[in-house]
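K.L.:
This is the structure I want to talk about, given as structure tokens.
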Amino acid sequence: MSVGFSASLFQREAITEWYPFLNKPVLTPPNGAFPIVWGILYILIGISLGRIWGKGLKVSQREWWIQLALNFCWSIAFFFLREPLWGMGIILILDVVVLDYIFITFKKDKLAAACFIPYVLWLLWATYLNAYIYIFN
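And the structure:
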């Protein structure tokens, strides 16, 4: 959750001064939904880490840390730098890493993998939003 909080520090100005004025798709969630969804997702992401850490799943651990770094970098690129194209590149890689994490982890700990299902669904939605914002702004 600390990474999410750190990323939010870089987003504050953009969320109030840039993001509201972008052309966004009709199905964009309301701003109030984002902190609630991310709070739940970070709890699930943390549970998943706890499960794989306790089992010493090195490949899953590597993927977990990579996805966390990419998640942070996406926030910086999209909000702080206000570069939807860079954000698009990062989030596409993030999508692949998270899907890879789910498949790798599922073999050893189904619950740890299942904790990432809501995350990947949200990321795919965020990928759609990012693409729309890039194309139409």
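Just remember that the numbering used here sits 1408 ahead of the position in the sequence shown, which is counted from 1. Just so it is clear, CB atoms sit at the ideal spot from N, CA and C, and this is done for glycine as well. Computed from a predicted model, the values in this text were never measured in an experiment.
#1: Looking at the structure shown, is THR1535 part of a helix, part of a strand, or coil, going by DSSP?
#2: For THR1535, which of ALA1422, PHE1429, THR1424, THR1436 has the nearest alpha-carbon?
#3: Look at the Cβ atom of LEU1452, then the Cβ atom of PHE1524, and state whether they are nearer than 9 Å.
#4: Rounding to the nearest angstrom, what Cα-Cα distance links GLY1458 and ASN1538 in this structure?
#5: Quick one: what does DSSP say ARG1490 is sitting in, helix, strand or coil?
#6: Let me make sure I understand the geometry here. Which of ASN1545, PRO1443, PHE1486, GLN1469 has the alpha-carbon closest to that of ILE1455?
#7: Determine the DSSP secondary structure at GLY1447, reduced to helix, strand or coil.
#8: With three or more beta-carbon pairs closer than 8 Å as the criterion, would you say the segment 1485-1495 touches the segment 1461-1468?
#9: What would DSSP say about CYS1481, mapped onto helix, strand or coil?
#10: Pop quiz: VAL1505 and ILE1474 are said to be a contact at Cβ under 8 Å. What is the actual Cβ separation, rounded to whole angstroms?
P.N.:
On the basis of the data shown:
#1: helix
#2: THR1436
#3: yes
#4: 30 Å
#5: coil
#6: GLN1469
#7: helix
#8: no
#9: helix
#10: 5 Å
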